[in-house]
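The listed protein sequences derive, respectively, from chains A and D.
According to the working numbering, the first sequence is numbered sequentially starting from 1.
According to the working numbering, the second sequence is numbered sequentially starting from 1.
In this text, a Cβ means the ideal position worked out from N, Cα and C, and glycines have one as well.
Note that the structure is a prediction, hence the values are computed from the model and not measured.
Data first, discussion second: the structure below is written as structure tokens.
There are 2 protein chains.
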Amino acid sequence: MSEKDPAAGPARLPLAGLRILELGHYIAAPFATRLLADLGAEVIKVEPPEGDPVRGWGSEVGGHAVWFSVHGRNKLSVTLNLKDAGDKAKLRRLVARSDALVENFRPGQLERYGLGPAELHAVNPRLVIARISGYGQDGPYRDKPAFGAIGEAMGGLRHLTANPGQTTLPPPRCGVSISDDLAGMYAAMALVAGCWQVKGDPAARGRIIDVDLVGSVFSLMEGMLPEYGLFGWVRQPQGAAIKTAAPTNTYPCADGKWLCIAGNSDLIFRRLMAAIGRPEAAAEPRFATNALRCENVAELDAMIAAWTRTLPAAEAEAVLETAEVPCSRLYDMRDCAEDPHFRARQMVMPVQDPLIGEVLHPAAPFRLDGVSPREMVRWTGPAAGAHNEQVFEMLAKEEGA
Amino acid sequence: MSEKDPAAGPARLPLAGLRILELGHYIAAPFATRLLADLGAEVIKVEPPEGDPVRGWGSEVGGHAVWFSVHGRNKLSVTLNLKDAGDKAKLRRLVARSDALVENFRPGQLERYGLGPAELHAVNPRLVIARISGYGQDGPYRDKPAFGAIGEAMGGLRHLTANPGQTTLPPPRCGVSISDDLAGMYAAMALVAGCWQVKGDPAARGRIIDVDLVGSVFSLMEGMLPEYGLFGWVRQPQGAAIKTAAPTNTYPCADGKWLCIAGNSDLIFRRLMAAIGRPEAAAEPRFATNALRCENVAELDAMIAAWTRTLPAAEAEAVLETAEVPCSRLYDMRDCAEDPHFRARQMVMPVQDPLIGEVLHPAAPFRLDGVSPREMVRWTGPAAGAHNEQVFEMLAKEEGA
């Protein structure tokens, strides 16, 4: 592959040649296929004639949602009405030549279309099928309505995203669709694993993969489940501090922004105290070790905050960086987009979108030797049905061949 | 594979037969390999003689960290001193028979051991190498010290995890090592993609994959980068509410817990108001549409909170569920572990750990047809070096064959 024709562009990407069908909408399944398309897979996104409703989300230019430029990139879009017999026959032709399919309908919906795993495998027994849903394909909550925040709440994350003892304001959301994203990532990972299993084994059959939003979030709970089982401990929110390390916290700055500082090791602590003009504090016995600093953390945090409040976050950050104290202000989108490291790594790159104009795209989250991040964005999110003709012409050729 | 001998246990898992070396410590690389091992890959974790320092994290039983029962499950542990020539030769023998390697040393460290990608590919040109670091393998911040919260802060997530206008308490952390987890997931996904590319192609060579914590978090920023580029908009934190949907928020309950309610569609809004004993409010013109409710959201939120404050979260949840209003209390670890859906889906399962006793394990986040979640936990996290003999005996046999 990559070695045979290094000039072939997409062919240098690892999943070049892998054929994936997306029956997705909103976030989870389309995010899974966006990652797989970034890695070089051929993704055909099957949408209803009116398009994936995510196309109506957020701001737009000329009727085109700007997020979709990224969310739909590197995909082919085909519109089909899955209630129509003729369109269903077209879908079966697509299934017959695909390696994998990703869907995120509510459990049972694909079966109601007559397109459940049994029907799909009757057409193509080697098809890997990844299904994403709020609660999974079985279990007592299977049919409960899933909504955006449910995975975050039920998977255990929202309970932790809070300041301890704070009862007036609710724990904030993550601010992004974290449970959909995680489920999409797991579905993509298991899908490629299923394709790895099938590849080169003529006897192999495609698997059915069931990923749910709740379980995807729950998978990040580290040692909390063993600790609950063994000791009955229930982890409580810790806010921005870390109980076992001090000083390590997030501090308010003069411009209303926040600065995250990790100053808990003995050496770094001394550098930090010197940098904020309190070198004498570093010498005091009650701050001599991390354990002692944890006991007296309120006093330390107050000292540090008194200093950070005098400077804008970027300036305080620059002072501490010079002093070699690990820190980072809480980047907002401007900070990210204008940061020299982001630019140097092409994590942010201008891309020409024929529907919208110049759009900033984030790089794929994996960098590959011999491929620039820019090469991994082969085209921007297309209009719904933009590839109807191209895909079915390709199909007719393949079927005739 | 799976079809040839369906009774063979691990062989039914999709990555059975894939050989992965982990040169990892703490979270990101070991999390990547835990997921790959759950999917059936053979993972050999190479640790320094004193063991991965993550083994000292959190609570323990008899000197064994309880988290490691999960974090190290399904892996073989081999201890090697990478500064020792003899051990380095052993590592090269392992490299020679592996499909992939995952590492999360600081950039340059593997090269300083004389084990950089060039050296590894000299031993095995087909090896897929996944590298995880805080800022990536190049760019101006490459050598900056990475610390846990950096990816969250610099990738744009911490800025969003906040209540708007709230300036006294810092935005809380996610409460889990989200940036390490995301990077581990991306590394695992790209690694399998690299292995898919190599499989069955005798001319193919292994790729080098570079995943960073900052970029992994940044990948979740949805439409925020295009919106910044096109309009100069900088997304600000929205707390627990959603600006464009009302009422949808998180409300305080009598037991100090929180209840997340999504009551913004017209029909559900009416059911919600009836359930909380305010059916007349649903009929008022100023709450007639979602747009009007968004304008008058403070009043609505106060009404709903006045009701939730009278009941413990679980009871309020039960009332709303009966009324078919989507809601979820913010689950803590007890809620997760005791929930009937979690139990029915085997998302929580007791596993016998020979080092610790009975430990609750979370299921793998992907369910596979024909495999029970319990079968995917083949063994619990082993002691450091537990498989030294077994692995090198296996190696000697392979080399002799």
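Alpha-carbon spacing of residue i relative to residue j, whole angstroms
i, j, result
"Leu-115/D", "Gly-263/D", "56 Å"
"Asp-5/D", "Val-123/D", "At Asp-5/D, the pLDDT of 42 sits below 50, so the modelled position is not reliable; the number obtained from the coordinates is stated separately. The straight-line gap from Cα to Cα measures roughly 33 Å."
"Leu-368/D", "Ala-383/A", "34 Å"
"Gly-9/A", "Met-376/A", "Only weak support is given to the placement of Gly-9/A: the predicted model assigns it a pLDDT of 44, under 50, and the value that follows is read from those uncertain coordinates. Rounded to the nearest angstrom, the two C-alpha atoms are 9 Å apart."
"Ala-100/D", "Trp-258/D", "44 Å"
"Val-176/A", "Ala-28/A", "12 Å"
"Ala-162/A", "Glu-317/D", "20 Å"
"Phe-218/A", "Ala-401/A", "47 Å"
"Val-46/A", "Gly-381/A", "13 Å"
"Gln-352/A", "Leu-127/D", "36 Å"
"Pro-14/D", "Ala-153/A", "31 Å"
"Gln-238/D", "His-159/D", "10 Å"
"Arg-131/D", "His-71/A", "26 Å"
"Ala-7/D", "Pro-252/D", "The predicted model places Ala-7/D with a pLDDT of 41, which falls under 50 and marks its position as unreliable; any figure quoted below should be read in that light. Approximately 51 Å, taken between the alpha carbons."
"Ile-44/D", "Leu-94/A", "39 Å"
"Val-371/D", "Pro-365/A", "31 Å"
"Ser-69/D", "Val-359/D", "8 Å"
"Leu-320/D", "Pro-247/D", "14 Å"
"Thr-33/A", "Asn-388/D", "40 Å"
"Gly-24/D", "Lys-75/D", "12 Å"
"Pro-285/A", "Met-333/D", "38 Å"
"Ala-245/D", "Val-325/D", "15 Å"
"Glu-227/D", "His-361/A", "10 Å"
Under 8 Å from the C-beta of residue i: neighbouring residues of chain A
i, result
"Asn-124/D", "The contacting residues do not exist; Asn-124/D stays about 15 Å from chain A at best."
"Trp-379/D", "Within 8 Å Cβ-Cβ: nothing; Trp-379/D doesn't reach chain A, min ~15 Å."
"Phe-366/D", "Tyr-186, Ala-187, Met-189, Ala-190, Ile-209, Asp-210, Val-211"
"Gln-238/D", "Pro-172, Arg-173, Gly-175"
"Ser-328/D", "Ala-149, Ile-150, Ala-153, Met-154"
"Gly-56/D", "Those do not exist, as Gly-56/D stays about 12 Å from chain A at its closest Cβ, beyond 8 Å."
Closer than 8 Å at the beta carbon, the chain D residues around residue i
i, result
"Val-359/A", "Pro-226, Gly-229, Leu-230"
"Thr-79/A", "Per Cβ cutoff of 8 Å: no residues; Thr-79/A is ~22 Å from chain D at best."
"Asn-249/A", "Pro-170"
Opposing strand residues paired with residue i [DSSP bridges]
i, result
"Arg-19/D", "Glu-42/D"
"Ser-133/D", "Asp-212/D"
"Tyr-251/D", "Leu-259/D"
"Gly-357/A", "Asp-353/A"
"Ile-242/D", "Ala-245/D"
"Leu-230/D", "Partner(s): none; Leu-230/D has no beta bridge."
"Cys-174/D", "For Cys-174/D, which the question treats as bridged, DSSP gives no partner whatsoever."
"Pro-362/D", "Val-348/D"
"Ser-372/A", "For Ser-372/A, which the question treats as bridged, DSSP gives no partner whatsoever."
"Leu-76/D", "Ile-44/D"
Under 7 Å from the C-beta of residue i: neighbouring residues of chain D
i, result
"Ala-162/A", "Pro-172"
"Leu-35/A", "Met-189"
"Leu-39/A", "Ala-190, Ala-193"
"Gly-429/A", "Residue 429/A lies beyond the stretch modelled for chain A, which goes from 1 to 401, so this question has no answer here."
Chain A residues whose Cβ lies nearer than 9 Å to that of residue i
i, result
"Ile-178/D", "Leu-157, Cys-174, Ile-178, Leu-220"
"Trp-258/D", "Ala-153, Arg-158, His-159, Ala-162, Pro-170, Pro-171"
"Ala-262/D", "Pro-145, Phe-147, Gly-148, Ala-149, Ile-150"
Expected contact under 8 Å - CB spacing of residue i and residue j to nearest Å
i, j, result
"Met-277/A", "Trp-233/A", "Going by the sequence as given, residue 277/A is Gly instead of Met. The Cβ separation is near 40 Å, so there is no contact."
"Leu-220/A", "Ile-178/D", "7 Å"
"Ala-187/D", "Val-211/D", "5 Å"
"Leu-35/D", "Ser-98/D", "With a Cβ gap of about 17 Å, Leu-35/D and Ser-98/D do not count as contacting."
"Leu-225/A", "Val-61/D", "Wrong, their Cβ atoms sit about 15 Å apart, outside the cutoff."
"Ile-129/D", "Gly-206/D", "6 Å"
"Ala-363/D", "Gly-215/A", "7 Å"
Per-residue contacts from residue i into chain A (C-beta, under 7 Å)
i, result
"Gly-194/D", "Pro-14"
"Asp-369/D", "Arg-207, Ile-208"
"Asp-181/D", "Leu-220"
"Thr-322/D", "In chain order: nothing, as chain A lies at least about 13 Å away."
"Met-347/D", "Gly-215, Phe-218"
"Val-234/D", "Asp-332, Met-333, Arg-334"
"Gly-200/D", "Lys-199, Gly-200"
Any non-hydrogen atom of the ligand MG within 6 Å of residue i CB
i, result
"Phe-366/D", "This structure lacks the ligand MG, and indeed carries no ligand of any kind."
Closer than 9 Å at the beta carbon, the chain D residues around residue i
i, result
"Ala-363/A", "Gly-215, Phe-218, Ser-219"
"Thr-167/A", "Pro-252, Gly-256"
Worksheet item: In chain order, what residues of the region 330-345 of chain D put their CB closer than 7 Å to some CB of chain A?
Response: Leu-330, Tyr-331, Asp-332, Met-333, Arg-334, Cys-336, Ala-337, Pro-340, His-341, Ala-344, Arg-345
Worksheet entry | Contact residues within the region 60-71 of chain D, judged by C-beta distance below 9 Å to chain A | Residues passing the 9 Å Cβ filter: Val-61, Ala-65, Val-66, Trp-67, Phe-68, Ser-69, Val-70, His-71.
Worksheet item: Between the region 127-141 of chain D and chain A, which residues of the former have CB atoms less than 8 Å from a CB of the latter, in chain order?
Response: Tyr-135, Gly-136, Gln-137, Asp-138, Gly-139, Pro-140, Tyr-141
Worksheet item: Going along the chain, which residues of the region 106-117 of chain D sit with their C-beta nearer than 7 Å to a C-beta in chain A?
Response: Against chain A - using a Cβ distance shorter than 7 Å - the region 106-117 of chain D contributes no residues.
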